[in-house]
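Peer 1:
Residue numbers (our numbering), protein chains in the order written: chain A, 2 to 95; chain B, 3 to 205; chain C, 3 to 542.
(1) In the DSSP assignment, find the beta strand (DSSP E) that holds residue 245 (chain C) and state where it starts and stops.
(2) Under 8 Å by Cβ, that's how I've got residue 95 (chain C) and residue 38 (chain C) pegged, so tell me the actual separation to the nearest angstrom.
(3) In the structure shown, what three-state DSSP assignment does residue 221 (chain C) receive?
(4) Taking buried to mean at least 16 other C-beta atoms within 10 Å of its own C-beta, is residue 103 (chain B) buried or exposed?
(5) According to DSSP, simplified to helix, strand and coil, what is residue 526 (chain C)?
(6) Between which residues of its own chain and residue 84 (chain B) is the CB-CB distance below 8 Å, once the five residues before and five after are set aside?
(7) What residues of chain C sit near residue 85 (chain A), judged by a beta carbon separation below 8 Å?
(8) Give a yes or no on contact between the segment 298-315 of chain C and the segment 357-365 of chain C, applying the rule of three or more CB pairs nearer than 8 Å.
(9) Which term fits residue 542 (chain C), buried or exposed, when burial requires 16 or more other beta carbons within 10 angstroms of its beta carbon?
(10) Determine the chain C residues that contact residue 95 (chain A) at a beta-carbon separation under 7 Å, and present them in chain order.
(11) Residue 371 (chain C) lies in the alpha helix (DSSP H); which residues open and close that run?
(12) When you compare the CB of residue 301 (chain C) with every CB in chain A, is at least one pair closer than 8 Å?
(13) What does residue 221 (chain C) reach in chain B if we use C-beta pairs closer than 7 Å?
(14) Straight-line CA distance for residue 231 (chain C) to residue 225 (chain C)?
(15) Indicate, with yes or no, if the ligand SAH has a heavy atom lying under 7 Å from the CB of residue 222 (chain C).
(16) List, in chain order, every chain A residue whose beta-carbon is nearer than 9 Å to that of residue 91 (chain B).
(17) Which first and last residues belong to the alpha helix (DSSP H) in which residue 28 (chain A) is found?
(18) Buried or exposed: residue 394 (chain C), going by 16 or more other Cβ atoms within 10 Å of its Cβ?
(19) To which residues does DSSP link residue 496 (chain C) through a beta bridge?
(20) Pull out every residue of the segment 132-151 of chain B whose Cβ sits closer than 7 Å to any Cβ of chain C, in chain order.
(21) Report yes or no: do the segment 70-87 of chain A and the segment 28-43 of chain B share at least 3 C-beta pairs separated by less than 8 Å?
(22) Between residue 4 (chain B) and residue 408 (chain C), what straight-line distance do the alpha-carbon atoms span, to the nearest angstrom?
(23) Determine, using beta carbons only, whether residue 194 (chain B) and residue 66 (chain B) come nearer to each other than 8 Å.
(24) Note down the Cα distance separating residue 377 (chain C) from residue 384 (chain C), rounded to an integer number of angstroms.
(25) Residue 146 (chain B): buried (16+ other C-beta within 10 angstroms of its C-beta) or exposed?
(26) Compare the C-beta of residue 366 (chain C) with all C-beta atoms of chain A and state if any pair is closer than 8 Å.
(27) Under a Cβ-count criterion, where at least 16 other Cβ atoms within 10 Å of its own Cβ denotes burial, should residue 514 (chain C) be classed as buried or exposed?
(28) Strictly below 9 Å CB to CB, what residues from chain A border residue 19 (chain B)?
(29) Taking residue 98 (chain C) and residue 266 (chain C) to be in contact with their CB atoms under 8 Å, please state how far apart those CB atoms are, rounded to whole angstroms.
(30) Looking at the structure shown, is residue 235 (chain B) part of a helix, part of a strand, or coil, going by DSSP?
(31) Who does residue 29 (chain C) pair with in a DSSP beta bridge?
(32) For the candidate residues B:204, B:197, B:180 and B:189, whose alpha-carbon lies nearest to that of residue 91 (chain B)?
(33) Would you say residue 137 (chain C) reaches chain A, if we count a Cβ-Cβ gap shorter than 8 Å as a contact?
(34) Where does residue 8 (chain A) fall in DSSP's three states?
(35) Which residues in chain A have a C-beta closer than 7 Å to the C-beta of residue 154 (chain C)? List them in chain order.
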């Protein structure tokens, strides 16, 4: 029975990740103050996606997991995106 | 007879894969609500903007910070158990649970404030609003409500982890349950990372 | 090659521990598979009787034995039971549970306790579904599809039924999760993915759909419950919602769900054809790829249930095109099955008889699906009996006959007894004849304009309806014959050898019935799965 990967994320590495996330959060709050019109959603979602990526990669340890798991996670997000896009083929053109 | 060992512990790679697969189902569960959000937002962008003004972005941002910090503390608890410091792990999970409590308290006040304004689904105030605002608030309540349920589930899971750390059932050699509990908690954080801008930052 | 030390292993999973309690608390995948078999068979019989009652009502125009309201309740619960309780769990829960670990050389699934827990969740959901019929209030009558606005407004036990479906979805998700991890982590040494037999491959593709599609219907049903109880109205136009959005969300799950139904059935017949032709499967890799392709592309066709709902032209075009594409991998499989039999040493035993029937009925269902998937002809046939005939050919003719084929194939392995071949063949004749007499007239009536879900009809349909109802009786006789063959020989049948059909996959290398932990020693796999000249594995 395999007993976990050997990689240990240090306390300070975890703290660094949090600081990055807090900076991005502040950025997204400030970015909204400027009026980007239709792009506001896109910018908010992009920043959220970066934050999500950081949580997945470091806190959830995907960076140090095997390729199979990373492919699965990528595949899941891709599938969901495709479903949303297809739904909008209806709504956008109605 | 059999060549495999009969351990009470599940192989950690197997158990971890199982947890990730379960997280995928949670992503798709919330995904359905995100689809509704996307459709309604595209249909009623002005009303959504208007309705979001009713939300307090400061509380939302505070809750975001609370969850992000809690993700860090639970990740640090894994560092602790890997370094064979179960008591530090317990302490860090305890802090995580406190932060979860803070989140829920904020939510309680947020919702309570809206209820006091009669701003809830089915109320006369709600029904008098423009359609897009009704949709916004329906999404607000359902998404944050479902999320809050998951905060509670995550809290229960982490409490079990804390107890098992105390009894030694989770230790430096066997900490799969703690790892999986942390993964679930990160998911709760992940969902909020998307909820926050979509609900609070569209002013 | 036998994997266990004694030629007649007296201790097997059936007598390992006895008593009802040992069955209800067992985490043995074989016992759990049988728990599912007995529950699913019971519910199938209930829903079949409901179907028979519906056909008795329709044997003549006007009210025959029930009111229109009762009829609406009947087709609703018939659908709920058949779809959520019988066909979706169906093959994966029964034969997947029983044979997946054995066929990949494992002792059990990855999470045996979760497996048992899943069955209890399933039973809870199934009982909730039944409860919707007996609880105070009217029987649900919105169809198993629960379309809004009717399902959100009608005064009947809809919330109970929705909750039942939600709970059943959970069981489906957990089984899928268990199977994915089992296939990734528990294969015997030497069994790379491309040395895995094709039934496990079909379960793998199925499990991904169960995992990723089911949550969407979970949340959608919750939304309808929210609309009924909390006035959160995403689908209510009076509040700004869109009823078509419900249809999108519902079918985003329910279309992939039909592939959950059919893929394991295709997997079962893919095992039967090589065994009864004594020849390797033709096109192993194309079958693998086509299974995965069906699972994937099946996610993108859901709108073909909604062509008349008011979607944009671009959406209708897109969904129709993708629907035609998804038919291709299925056609590839049919080609491969036929090519497997070609030139083989054919032994027309009941499993093969059902498997060939499967091809015939599934092909009819498939072709009529193209007619439905085509935008112009869909307008004529949508919501008619044509649709009802189509999905019964695909689901019952496909998954159902696949299930029967699997029963006839694996019965000797499961119970260590053999049924009567003659009895099975006679029952088959009634089932196959009754099936076609029951459903084929519906194609014709549908094109002529007979709507679905109607308890009464224009007198011009009387002949067709009567023929169809007679078919139902013939079918039921056949089903009774088939089930009683199995029940009668359970303890009275001839003792079955370990490998009565001369199969080459792992389940035939262990005794019938299998021992408690399947293998005495972990098998080491050294060859591809469908080699017929000599055994393809050796023990350590």
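For glycine and all other residues, C-beta sits at the position ideal for the given N, C-alpha and C.
Peer 2: Short version:
(1) For this step, residue 245 (chain C) is matched to residue 243 along the third chain. Run containing residue 245 (chain C): none in the beta strand (DSSP E); it sits in the alpha helix (DSSP H), 245-279.
(2) Position 93 of the third chain, counted from the first residue, corresponds to residue 95 (chain C). Position 36 of the third chain, counted from the first residue, corresponds to residue 38 (chain C). Confirmed, Cβ separation roughly 4 Å.
(3) Numbered from 1 along the third chain, position 219 holds the residue referred to as residue 221 (chain C). If DSSP states are grouped into helix, strand and coil, residue 221 (chain C) belongs with the helices.
(4) The sequence position of residue 103 (chain B) within the second chain is 101, counting from 1. Exposed, because fewer than 16 other Cβ atoms sit within 10 Å of the Cβ of residue 103 (chain B).
(5) Translated into the one-based positions of the third chain, residue 526 (chain C) becomes position 524. Residue state, collapsed to three classes: strand.
(6) In the second chain, the residue the question calls residue 84 (chain B) occupies position 82. Excluding positions up to five away in sequence, the list reads 174 and 177.
(7) Reading the first chain from its first residue, position 84 is the one you call residue 85 (chain A). The contacting residues do not exist; residue 85 (chain A) stays about 10 Å from chain C at best.
(8) Contact between the segment 298-315 of chain C and the segment 357-365 of chain C is absent, because fewer than three Cβ pairs lie under 8 Å.
(9) Walking along the third chain from the start, residue 542 (chain C) turns up at place 540. Note that residue 542 (chain C) has pLDDT 34, beneath the 50 cutoff, so the model's placement of it is unreliable and the number below is only indicative. Residue 542 (chain C) should be labelled exposed.
(10) As a working note, residue 95 (chain A) is residue 94 in the first chain. Simply 314.
(11) In the third chain, the residue the question calls residue 371 (chain C) occupies position 369. 352-375 is the span of the alpha helix (DSSP H), which, as asked, contains residue 371 (chain C).
(12) Walking along the third chain from the start, residue 301 (chain C) turns up at place 299. So yes, residue 301 (chain C) belongs to the interface.
(13) On the third chain, position 219 is the one that residue 221 (chain C) refers to. Within chain B, the residues near residue 221 (chain C) are 31, 34 and 35.
(14) What you label residue 231 (chain C) is simply residue 229 of the third chain in a count that begins at 1. What you label residue 225 (chain C) is simply residue 223 of the third chain in a count that begins at 1. Taking the straight line joining both Cα atoms gives about 10 Å.
(15) The ligand SAH is absent from the structure shown, which contains no ligands of any kind.
(16) Position 89 of the second chain, counted from the start, is the residue given in the question as residue 91 (chain B). Ordered by position in chain A, no residue passes the 9 Å Cβ test against residue 91 (chain B), which lies about 12 Å from the chain.
(17) Position 27 of the first chain holds residue 28 (chain A). Note, residue 28 (chain A): alpha helix (DSSP H), 12-34.
(18) What you label residue 394 (chain C) is simply residue 392 of the third chain in a count that begins at 1. So residue 394 (chain C) ends up on the buried side.
(19) Numbered from 1 along the third chain, position 494 holds the residue referred to as residue 496 (chain C). Answer is C:420, bridged to residue 496 (chain C).
(20) 133, 134, 136, 137, 140, 143 and 144
(21) yes
(22) To locate residue 4 (chain B), count along the second chain from 1; it is residue 2. To locate residue 408 (chain C), count along the third chain from 1; it is residue 406. Note that residue 4 (chain B) scores 38 on pLDDT, short of 50, meaning its location in the model is unreliable; the coordinates nonetheless yield the value given after this. Going from the Cα of residue 4 (chain B) to the Cα of residue 408 (chain C) covers about 29 Å.
(23) What you label residue 194 (chain B) is simply residue 192 of the second chain in a count that begins at 1. What you label residue 66 (chain B) is simply residue 64 of the second chain in a count that begins at 1. Yes, the Cβ-Cβ distance between residue 194 (chain B) and residue 66 (chain B) is below 8 Å.
(24) Taking the third chain and counting its residues from 1, the one referred to as residue 377 (chain C) is at position 375. Taking the third chain and counting its residues from 1, the one referred to as residue 384 (chain C) is at position 382. Looking at the two C-alpha atoms, the distance is approximately 10 Å.
(25) In the second chain, counting from the first residue as 1, residue 146 (chain B) sits at position 144. It is buried - the Cβ of residue 146 (chain B) has at least 16 other Cβ atoms within 10 Å.
(26) As a position in the third chain, residue 366 (chain C) is number 364, starting the count at 1. So, not an interface residue.
(27) Numbered from 1 along the third chain, position 512 holds the residue referred to as residue 514 (chain C). Result: buried.
(28) Counting from 1 along the second chain, the entry for residue 19 (chain B) is found at position 17. Chain A residues near residue 19 (chain B): 69, 70 and 73.
(29) Position 96 of the third chain holds residue 98 (chain C). Position 264 of the third chain holds residue 266 (chain C). At roughly 6 Å, the Cβ-Cβ gap stays under 8 Å, so residue 98 (chain C) and residue 266 (chain C) are in contact.
(30) Shown here, chain B extends from 3 to 205; a query on residue 235 (chain B) therefore has no answer.
(31) Within the third chain, numbered from 1, the residue matching residue 29 (chain C) stands at position 27. BP columns for residue 29 (chain C) are empty, so no partner.
(32) Numbered from its first residue, the second chain carries residue 91 (chain B) at position 89. Here the closest residue by C-alpha is B:180.
(33) In the third chain, counting from the first residue as 1, residue 137 (chain C) sits at position 135. Judged by the 8 Å Cβ criterion, residue 137 (chain C) is not in contact with chain A.
(34) Residue 8 (chain A) sits at position 7 when you count from the first residue of the first chain. In the structure shown, residue 8 (chain A) sits in coil (DSSP, three-state: anything other than H, G, I, E or B).
(35) Position 152 of the third chain holds residue 154 (chain C). Within 7 Å Cβ-Cβ: nothing; residue 154 (chain C) doesn't reach chain A, min ~21 Å.
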